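Peer 1: Got a structure for you, questions after.
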Amino acid sequence: MPMQDNAHQHDAVIIGGSYAGLSAGLQLARARRQVVVIDDGRPRNRFASHAHGMLSNDGRPGGDITGDARRQITAYPTAQLRQGEVVSVQRTDQGFSIAMADGAVVEARRLLLAHGVEDTPPAIPGVKERWGQTAIHCPWCHGYEIGQGPIGVLSQGEHTAHYALMVAEWGAPTLFLDADVQLSAEERRMLDRRGVTLERTPIAALEGAAPQLDGARLTDGRLIPLKAIFVGSRVRLSNGFAASLGCELADTPVGPLVKVDPMQQTTQPGVFAAGDLARAASNITYAASDGMTAGQALFRSLLMEELA
Ligand SMILES: Cc1cc2nc3c(=O)[nH]c(=O)nc-3n(C[C@H](O)[C@H](O)[C@H](O)COP(=O)(O)OP(=O)(O)OC[C@H]3O[C@@H](n4cnc5c(N)ncnc54)[C@H](O)[C@@H]3O)c2cc1C
């Protein structure tokens, strides 16, 4: 028999208590709404020692930023943070029923999905153990810290050339291309102008004492010295909750994400989504901003129901 969390139903439950979820929770707590934020402690940037590019938090460990946010939210009497994993979500007559791995069930009138995404970088030996350190996807987050020098670019798909042109700002790049990737004459011209070296021999493995990177060992035996490698990663949703509720997904350059309107409302009534799981170009600031929008929109939807 599942344990019922509370005698009363909450106004909102938020799955994912990181940048997006905590930002939404803060708005709801400030409107004196009963909000529960559930999180199991696996933010996407946990592989990186520090976060960059967020105003007034540049260079702080990501966990310190969310730690401050957690402390500030729990000062509001109507907000609850719960540590644990959500295992299923269901629509009920009154709203939503959220089951946790520890057997607890949380009931709420509205649901915000803020559980983020998982990166799916290419399965080249050496990428996984360097992820977030010397194998990175976002130049804005960690490019400056490389300090210039030889860098690699590993990317597939239609944005490959654009990605290499951009990251050339943070070092002298070698672009590793699959043998079958064709570049247009214009792309070649721009890559040449940016000083990008093209390499079509596949990488066998990244070498060095991880997370340090010495270089990329190619299948023909050559070692291309590198300080870091940019990896144009695709992502997948960390959970199937959106699909199980019937929310539409949208195709994006990084993979299918939850479709939302400008107020972070999904295609299902009462279900909102914010953060990386609902936007392709992602970072902490965007996640916090989307969370704020979602929190306020969710509040408005509760109010309109009460006034109906
Ligand atoms: C290696 C790396 C480094 C990065 N560095 C930077 C940087 O320096 N600056 C920057 O601006 N951006 C950076 N980013 C991007 C940034 O991490 C994301 O944009 C941001 O974390 C998105 O916030 P979010 O709240 O949407 O999701 P997340 O931060 O990923 O949080 C999702 C939360 O949901 C929880 N969750 C998931 N499933 C469940 C479940 N079933 N039950 C309970 N909880 C659940 C997770 O534990 C997690 O805490 C980096 C990304 C990566 C991959």
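Per this note's numbering, residue 47 is the first one in the sequence shown, and the count goes up by one each step.
Heads up, the beta-carbon is just placed ideally off N, CA and C, and yes, glycines get one too.
Being a predicted model, the structure only gives us computed values, none of them experimental.
#1: When the Cβ atoms of the stretch 58 to 77 are set against those of the stretch 156 to 164, are three or more pairs found closer than 8 Å?
#2: Under 8 Å, with one C-beta from each stretch per pair, do the stretch 185 to 192 and the stretch 88 to 104 reach the 3-pair mark?
#3: How many angstroms separate the CA atom of alanine 343 from the CA atom of alanine 75?
#4: With a threshold of 7 Å, establish whether the CB of histidine 208 neighbours any heavy atom of ligand 1.
#5: Contact check, valine 281 vs valine 199 under 8 Å by CB: the rounded distance?
#6: Three Cβ pairs or more, each shorter than 8 Å: is that satisfied between the stretch 320 to 331 and the stretch 61 to 74?
#7: Sorry if obvious, but does the Cβ on threonine 331 come closer than 7 Å to a heavy atom of ligand 1?
#8: Would you tell me roughly how many angstroms separate the C-alpha atoms of asparagine 52 and valine 152, rounded to the nearest one?
#9: Just the Cα atoms here: how many angstroms apart are threonine 112 and phenylalanine 276?
#10: Please state whether DSSP places leucine 323 in a helix, a strand or coil.
#11: Roughly how many whole angstroms lie between the Cα atoms of methionine 338 and threonine 298?
#12: Throw me the rounded Cβ distance for the valine 242 and alanine 262 pair, which I believe falls under 8 Å.
#13: Taking its Cβ as the centre, do 16 or more other Cβ atoms sit within 10 Å of arginine 246, making it buried, or is it exposed?
#14: Report yes if the C-beta distance between proline 308 and proline 196 is below 8 Å; otherwise report no.
#15: Could you name the residues of the same chain whose beta carbon sits closer than 7 Å to that of glutamine 50, not counting the 5 residues immediately before and after it, in chain order?
#16: Consult DSSP for isoleucine 249 and reduce its assignment to one of helix, strand or coil.
#17: Determine, using beta carbons only, whether threonine 124 and valine 81 come nearer to each other than 8 Å.
#18: Run through the DSSP bridge pairs and tell me what leucine 200 is partnered with.
#19: Looking at arginine 240: is its Cβ nearer than 8 Å to the Cβ of leucine 211?
#20: Run through DSSP, which three-state label would glutamate 352 get?
#21: Classify threonine 206 as buried or exposed, calling it buried when 16 or more other Cβ atoms lie within 10 Å of its own Cβ.
#22: State yes or no: is the C-beta of leucine 72 within less than 8 Å of the C-beta of isoleucine 144?
#23: Take glutamate 294 and list the residues in its own chain whose beta-carbon comes closer than 7 Å to its own, dropping the five residues that flank it on each side.
#24: Leucine 252 to arginine 176, Cα distance in whole Å?
#25: Sorted by chain position, which residues of the same chain lie with C-beta nearer than 6 Å to glycine 341's C-beta, five sequence neighbours on each side aside?
#26: Alpha carbon to alpha carbon, how far is proline 107 from leucine 353?
#27: My understanding is that serine 279 touches histidine 183, with C-beta atoms under 8 Å, so please give their C-beta distance in whole angstroms.
#28: Spatial neighbours of glycine 87 within its chain, please: CB distance less than 8 Å, with the 5 preceding and 5 following residues excluded, ordered by chain position.
#29: Quick one: what does DSSP say methionine 100 is sitting in, helix, strand or coil?
#30: When the distance is taken between beta carbons, is isoleucine 84 closer than 8 Å to methionine 146?
#31: Rounded to the nearest angstrom, what separates leucine 244 and alanine 231 at their Cα positions?
#32: Between proline 48 and phenylalanine 142, what straight-line distance do the alpha-carbon atoms span, to the nearest angstrom?
Peer 2: In short, the structure shows the following:
#1: yes
#2: yes
#3: 14 Å
#4: no
#5: Wrong, their Cβ atoms sit about 18 Å apart, outside the cutoff.
#6: yes
#7: yes
#8: At asparagine 52 the pLDDT is 45, less than 50, meaning the model places this residue with poor confidence; the figure from the coordinates comes in the next sentence. Taking the straight line joining both Cα atoms gives about 7 Å.
#9: 26 Å
#10: helix
#11: 23 Å
#12: At roughly 15 Å, the Cβ-Cβ gap does not stay under 8 Å, so valine 242 and alanine 262 are not in contact.
#13: exposed
#14: no
#15: Reliability of the predicted coordinates at glutamine 50 is poor, the pLDDT of 49 falling under 50, and no value is obtained from them.
#16: strand
#17: yes
#18: Phe222 and Val277
#19: yes
#20: helix
#21: buried
#22: no
#23: Lys305 and Thr313
#24: 9 Å
#25: Ala70, Gln73 and Leu74
#26: 43 Å
#27: 4 Å
#28: Gln129
#29: coil
#30: yes
#31: 14 Å
#32: Its pLDDT being 43, under 50, proline 48 is placed unreliably in this model, and the coordinates cannot settle the point.
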